[in-house]
Structure formats: structure tokens, C-alpha cells
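A.B. asks: Please read through the structure below; I'll follow up with questions.
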Amino acid sequence: MAPSDACARLSTSSTAGAETRSQRYRRLIERLLIRDELQDVRPLRLSASQELMWAAVAPLLDEGRPIDVIVLKGRQVYSTTFWQALSFVRTLERAGTLSLIVAHERLTANEILAKARLFAQSLPLPSSLLRLVRDTVSFELPDGTSSIRVTSARRLGKGRGLTLTVMHGSEVAYWENPESLLALRQAMPPHGETIWVLESTANGVAGVGQPFYDEWRAAVDGRSQALPIFIPWYVMPKYQRTPGVPESEWTDEERAVAELAPEHMTPERVAWWRWAVENRCHGSRELFNQEYPATPERAFIASGLPAFDETALLKLRAGVRPPSLTGDFAHGRFVRDARGPVLVWREPEDGHRYVIGVDTAEGLRGGDYSCAQVIDVDRLEQVAMCHGLLGPWETAERVAALGRWYNRALVIVELQGAGISVQDYLIRVHEYPHLHPWRGRQDSIRPSQPRLYGWVTTVATRPLLLEAGRRVINEGLLMLHDAGTLEELSHFSRVDSGKYEATVGHDDRVMALLLALRSREENFTAAAVLQSPQLEEPWMPVRVIEAWTGERRIARHQELIRRARRAARGWLDL
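Going by my numbering, the sequence shown opens with residue 526, and the numbers climb by one from there.
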């Protein structure tokens, strides 16, 4: 349907014929009046945070594609105002548009409704065109009626019986009826120039806030069509305070954020950060990270005792970037596919050694995911990953192809559950030549190399995996590229039982990464041999990293046997 006469009149200018759709939208948006934080009425001018959102949607407007976004933000970054203005112009653009704005509470809904009415009254619209009735702003256009309805999540109920063109959910993580999201999705046509926006500050990863967290993770992982947009607190010019904190006095955490955003982090912003922790967040840095996040991972507060240093994880964010290749393997060859399970950040290089950690699952819908992490042994860099709802056969097929592509990489498979089948396929079907040798418990006595392969995670061996990760991550030695892996690392914590595991979602990426790092230590890292005066025999070395092989292992084993026999004889002689 052609644009309405009202919108055409609003768009008239000397350069209107040369305008793109996004240019026209922006011009109309900036003619709208808003009431600022000082309650002064002024034209809407896009702030730094709103410019980030505009950069994401402008190309979609010009291409005539649906706008489907999810926005994770901090407090007072003007996100609701931006999306409300965009929805307003879209509603006025074409007759027959039904727009719904849903706030988390009635008070906020009233504020949003007041903004919508101010928008309508700020434009030169004929009185006969505009109708303001209760919670609805309607436009009686020549070709039909378009309307904007504002309500709260509680009053909305389950949202059934609607057919929407625009849906803007504000502070979705705080909705009392989060199941409404499912019903509203069904009310949105799968085609046409629709707008679907979910925007919110985080509210944890469980309870009321879990649906928003799940939507965010699905968008970041590429499991949904939504475009994830993150707005950090430090892009807002108002978040500054004088006098500033000299750089020489910054903490490691503050320096880590500054490395992520050197153009934004100033002494004045650090001063505001410290002030906000004490005066807005009750002295809690965890609460500050939720309300004013610097990275997406810090927004979602995790329970339990984190397995990895939070500042070290923050530093890992600097390496996160989209993969250079996405695809799958067909007949052993990599084929590009935007929805494929294989992500590649750096292709194989001659002379480089690689190790692949594999955490497996059954591949059943609703179950866990399988993951294979490819690590460059020498660079300590995540270079590729395979992740998806894959069964043992599909996992083995892709791991074998990945391993051969990456210079016959060493493969370590976690053998519990489906892992036994995966390794069986690797050996029997794919004849994969390079598997991690299993040495059993590290405190057991073995006179020679075993002929077992893979890894068995038990109460005794799980700490070895965890420490392999800590040594690399907490010391800042790992280059990580996958946002999903970083997210899982952030929620890998010690729970009440004393076990380290995912406190929300999955930990398959983490386990695959830890397996690869442990295998690297056991098979590629040279042992550091030290002399200790506390030992009875000075020739016996202290192992820093497990790498004993050959004659030295056998000699130590024989000496321990001799000691045990001497002790037994002494006891029998009594």
C-alpha cells in the first residue's frame, strides 16, 4: 500500500524526491517533541546510544526488510524513546498499521502513552486525523485507520487475538507474564515490513528474567532471526563526574574496560563509575554490572562462586568477533553455509599444531548440544568451533573432518554418555589417527603408556580440567573469539553441591574448551624439571605439568615399588 497522504505531506521538501526511506524516517523522528530529563520540551535529537540503534535499523528500512531486534542495555540510555519514535513513524506511514507498546508496569505504560500523545501533537496533523482514546493513539488516514496501543504486561494477559504490524516490548526482563511473548510472536505476520523490538535491562538468568535472557542467547548464537544490539553505559556522555580518577589509580577491572573502549573510558567516567557503585547500587559491583553493563556477559548476574576470574573474562571480550567462515562439511570438504554448525575464525596454517576438545550429547531436541573446540597449540587461540544439536554420528563425522583439515589435530573426546559412540566412530569408521591417550588418574602408578584414548570426567579428574582452564584464562594467555563460549565461562560456577557447572543454560562450550586445554598441557607442553632438597632422592624431579614418558616414568615406578616392598617387609618383621 502506498504511503498515506498525511505522511506524504509531512515528507515534502525540496529534496524529498532524493530521500531514501531511512532518511525520511530520521527527518520525521527528529521533528518529534520529547520531554527531557529536566522536563523541558524539545525536538528529539539522537543521542550516542540512539545512534548505535539507528545504525542497525537504517539499512533494514532502506531494503524494506522486517526489523527484528533485541536490545540489551543499561539504565537510562534512551532506548525506549528511540523505539517508540520509530514505531510512531511506521504507524503513521501506512494505513492499517496496528502497533502495540508493552511496558513492564502500568506507571511506565502511562509515561510511554504520554510520549506518544506528545509525538502526535508535535506534528502538523489535521484535528480530524488524530484521535486520542484512553490507551490508544489513532490516525484516521484516507485509506484506513492506524493506531498505537500502549499497555502493561500485566493488563495484556497472554496477548491472543491480535494481528500486529509493530510490537515494542519495553523492559521485557521484568514482565510479570513473560509467557505473553510466545502469544505475541504468533500475532506477528511472518512477512512484510514489520517491526519487532524487545529491549530491556537484564534481570538475572532465572525466574522472571529468564525468558529475556533466553531470547538474548538465541539471538547471539544465531538460533533466532533477531539482531542483538548491546548498549554499554560508557557511551552516554552524562555518565561522567569531576574530578576524574587519574589513570595511575585505576583498578585492573577499570583498565580492562578501558582497553575495550579506549575512546570512551576517561578519568571522569571512572569517577562516575565508582560513585554509581556506592550511591546507586548499594556498594555492589555485581548490581552495577547488571544495571550499567560494560559487556553483555557482565549484565547477567550469575549465582554461585565463579570458576574464573571476572576481570580475566572481561579482558577476553576484546578478542570476541564474528567468524570469518560459517558452514559445514560435505564429504570431508568445508562448504559455506550461513546456518552451518562450524564456525572458523582462522583457517589452518602449515606448521601449526592443533588440539580439538569434544563434549558430546545425544542430539535430541530439547537436550544438550555437542561442541568441538579447535585450539592452536602454540598461539593458544580459539581458531574454530563446531556447535549444534548433533548426535554421535554427526559429531564424529564433523570432528574427523575438522581434525584432518587442521593438520591432523589431536582429538580429545569426553567419554561419558554419547562420547563413547563418538570415539568408536572416529576409530572404526573414520580411522582417525590422532587421539588423546588416556593416562587414568594422575596419582596412579603405570609402568608404561596405556592404549586407551579419550578423557573420563570424574570427581578426581574434573579439577584437572578446571585448573587447565584457570592457568590459561586467569593469566590472560588465551585468545577467545566466540561470544557464546565467553557467556558460558561467565556462568560456570561452583554450586551448593561443590561441583563446578553451568548455573544457567549449557556448559558444552566450556567443557570442550577445558578438554582441549588439558590435552595441550599433557601432550604438547614441556615439563619443567626442578630439584627439590626436600625429596629423599635429589634426582627425582617435581612435575609442574604432566609430561612424564619413557624411561624416567618406568624408573620412578620401579623405585616406588621398591619403597613399598621395604615398608611391607618392615611391617611383617615386627
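All C-beta atoms in this analysis are idealised placements derived from N, C-alpha and C, irrespective of residue type, glycine included.
1. Grab the span of the beta strand (DSSP E) containing MET790 for me, first residue to last.
2. Out of curiosity, what's the CA-to-CA distance linking TRP741 and SER946?
3. Please identify the residue among HIS693, ALA786, SER849 and TRP758 whose C-alpha is closest to the C-alpha of GLY592.
4. To the nearest angstrom, how far is it from the Cα of ASP862 to the Cα of MET910?
5. Counting Cβ pairs closer than 8 Å, one from the segment 816–828 and one from the segment 869–879, do we hit at least three?
6. In angstroms with no decimal places, state the Cα-to-Cα distance between TYR738 and SER652.
7. Write down the C-beta distance between LEU611 and ILE554 rounded to the nearest angstrom, noting that I regard them as a contact closer than 8 Å.
8. Could you name the residues of the same chain whose beta carbon sits closer than 6 Å to that of LEU1042, not counting the 5 residues immediately before and after it, in chain order?
9. Take ARG1045 and list the residues in its own chain whose beta-carbon comes closer than 6 Å to its own, dropping the five residues that flank it on each side.
10. For VAL954, does the count of other Cβ atoms within 10 angstroms reach 16, so buried, or fall short, so exposed?
11. Classify PRO917 as helix, strand or coil using the three-state DSSP reduction.
12. Ordered along the chain, which non-local residues of its own chain (more than five positions away) have a Cβ less than 8 Å from that of ARG570?
13. Helix or strand or just coil, what does DSSP make of ARG904?
14. May I ask which residues mark the beginning and end of the beta strand (DSSP E) holding GLY694?
15. To the nearest angstrom, report how far apart LEU951 and ILE720 are at their CA atoms.
16. Give the secondary structure of PRO568 by DSSP, where H, G and I count as helix, E and B as strand, and everything else as coil.
17. Would you decide whether ASP561 is buried or exposed? Buried here means 16 or more other CB atoms lie within 10 Å of its CB.
18. I'd like to confirm something about LEU577: is its beta-carbon nearer than 7 Å to some heavy atom of the ligand SAM, or not?
19. Looking at C-alpha atoms only, which residue of PHE644, HIS912 and SER749 is the closest neighbour of ARG1034?
20. Excluding the 5 residues preceding and the 5 following VAL691 in the sequence, name in chain order all residues of the same chain whose CB lies nearer than 6 Å to its CB.
21. Are the Cβ atoms of SER1015 and LEU838 separated by less than 8 Å?
22. Applying the criterion that 16 or more other CB atoms from any shown protein chain within 10 Å of the CB defines a buried residue, is VAL658 buried or exposed?
23. So, helix, strand or coil for PRO866, using DSSP?
24. Around the Cβ of ASN804, are there at least 16 other Cβ atoms within 10 angstroms (buried) or fewer (exposed)?
25. State the Cα-Cα distance for the pair GLN711 and ASP668, rounded to the nearest angstrom.
26. Using CA atoms only, rank isn't needed, just tell me which of GLY717, SER695 and HIS1031 is closest to ASN728.
27. Nearest-angstrom Cα distance between LEU977 and LEU991?
28. Once you ignore the five residues that flank LEU643 on each side, which residues in its own chain have a CB closer than 6 Å to its CB?
29. My guess is that LYS598 and ILE756 are in contact by the Cβ rule of under 8 Å, so how many angstroms apart are they, rounded?
30. Is DSSP giving ILE945 helix, strand or coil here?
31. So what's GLN898 in DSSP terms, helix, strand or just coil?
32. Is VAL938 helix, strand or coil when you go by DSSP?
33. Along the chain, where does the beta strand (DSSP E) containing ILE754 start, and where does it finish?
34. Contact between the segment 853–861 and the segment 925–933: three or more CB pairs below 8 Å?
35. Should LYS1024 be labelled buried (16 or more other beta-carbon atoms within 10 Å of its own) or exposed?
36. Does GLY1030 come out as helix, strand or coil in the three-state DSSP assignment?
C.D. replies: The short version:
1. Residue mapping note: residue 790 aligns to position 265 of the sequence shown, counting from 1. Here MET790 belongs to no beta strand (DSSP E), and DSSP marks it neither H nor E.
2. Taking the first residue of the sequence shown as position 1, residue 741 is located at position 216. Taking the first residue of the sequence shown as position 1, residue 946 is located at position 421. Between TRP741 and SER946, the C-alpha separation is close to 33 Å.
3. The residue given as residue 592 occupies position 67 in the sequence shown. According to the sequence displayed, residue 592 carries Ile and not Gly. The candidate whose alpha carbon is nearest that of ILE592 is HIS693.
4. Position 337 of the sequence shown, counted from the first residue, corresponds to residue 862. Position 385 of the sequence shown, counted from the first residue, corresponds to residue 910. Approximately 14 Å between the Cα atoms of the pair.
5. no
6. Mapped onto the sequence shown, residue 738 falls at position 213. Mapped onto the sequence shown, residue 652 falls at position 127. Going from the Cα of TYR738 to the Cα of SER652 covers about 43 Å.
7. Locating residue 611 in the sequence shown gives position 86, counting from the first residue. Locating residue 554 in the sequence shown gives position 29, counting from the first residue. Indeed, because the Cβ distance is near 7 Å, the residues count as touching under 8 Å.
8. Sequence index remark: in the sequence shown, residue 1042 carries index 517 (1-based). If we look at LEU1042 and ignore the five residues flanking it on each side, its Cβ neighbours are ALA993, GLY994 and VAL997.
9. To locate residue 1045, count along the sequence shown from 1; it is residue 520. Excluding residues within five positions, the ones whose Cβ falls inside 6 Å are VAL880 and VAL902.
10. Start at 1 with the first residue of the sequence shown, and residue 954 comes out as number 429. Its Cβ having fewer than 16 others within 10 Å, VAL954 is exposed.
11. Position 392 of the sequence shown, counted from the start, is the residue given in the question as residue 917. In the structure shown, PRO917 sits in a helix (DSSP, three-state: H, G or I).
12. As a working mapping, residue 570 is identified with position 45 in the sequence shown. Only GLU555 meet the Cβ criterion.
13. In the sequence shown, counting from the first residue as 1, residue 904 sits at position 379. ARG904 falls in the coil class under three-state DSSP.
14. Translated into the one-based positions of the sequence shown, residue 694 becomes position 169. Element bounds for GLY694: 691–695.
15. Taking the first residue of the sequence shown as position 1, residue 951 is located at position 426. Taking the first residue of the sequence shown as position 1, residue 720 is located at position 195. In a straight line, the C-alpha of LEU951 is about 47 Å away from that of ILE720.
16. Start at 1 with the first residue of the sequence shown, and residue 568 comes out as number 43. Strand.
17. Taking the sequence shown and counting its residues from 1, the one referred to as residue 561 is at position 36. It is exposed - the Cβ of ASP561 has fewer than 16 other Cβ atoms within 10 Å.
18. The ligand SAM is not among the ligands present in this structure, which contains no ligands whatsoever.
19. Here the question's residue 1034 lines up with position 509 in the sequence shown. ARG1034 has its Cα closest to that of HIS912, out of PHE644, HIS912 and SER749.
20. As a working note, residue 691 is residue 166 in the sequence shown. Hits under 6 Å: SER612, ARG615, SER624 and ILE720.
21. In the sequence shown, counting from the first residue as 1, residue 1015 sits at position 490. In the sequence shown, counting from the first residue as 1, residue 838 sits at position 313. Yes.
22. What you label residue 658 is simply residue 133 of the sequence shown in a count that begins at 1. Result: exposed.
23. What you label residue 866 is simply residue 341 of the sequence shown in a count that begins at 1. Three-state result, PRO866: coil.
24. Against the sequence shown, residue 804 aligns to sequence position 279. Its Cβ having fewer than 16 others within 10 Å, ASN804 is exposed.
25. Here residue 711 refers to the residue found at position 186 when the sequence shown is read from its first residue. Here residue 668 refers to the residue found at position 143 when the sequence shown is read from its first residue. Taking the straight line from one Cα to the other gives about 26 Å.
26. In the sequence shown, residue 728 corresponds to position 203, counting from 1. Ranking the options by Cα distance to ASN728, first place goes to SER695.
27. Mapped onto the sequence shown, residue 977 falls at position 452. Mapped onto the sequence shown, residue 991 falls at position 466. Looking at the two C-alpha atoms, the distance is approximately 22 Å.
28. Here residue 643 refers to the residue found at position 118 of the sequence shown. If we look at LEU643 and ignore the five residues flanking it on each side, its Cβ neighbours are LEU558.
29. Along the sequence shown, one-based indexing puts residue 598 at 73. Along the sequence shown, one-based indexing puts residue 756 at 231. With 8 Å as the limit, LYS598 and ILE756 qualify as a contact, their Cβ atoms being about 4 Å apart.
30. Working through the sequence shown from its first residue, we reach residue 945 at position 420. Residue state, collapsed to three classes: helix.
31. For the purposes of this step, residue 898 is taken as the residue at position 373 of the sequence shown. The answer is strand: DSSP assigns GLN898 an E or B state.
32. Your numbering for residue 938 matches position 413 in the sequence shown. If DSSP states are grouped into helix, strand and coil, VAL938 belongs with the strands.
33. Here residue 754 is taken as the residue at index 229 of the sequence shown, counted from 1. Element bounds for ILE754: 752–756.
34. yes
35. Translated into positions along the sequence shown, residue 1024 becomes position 499. Exposed: under 16 other Cβ atoms inside 10 Å.
36. As a position in the sequence shown, residue 1030 is number 505, starting the count at 1. Of the three classes helix, strand and coil, the one that applies to GLY1030 here is coil, per DSSP.
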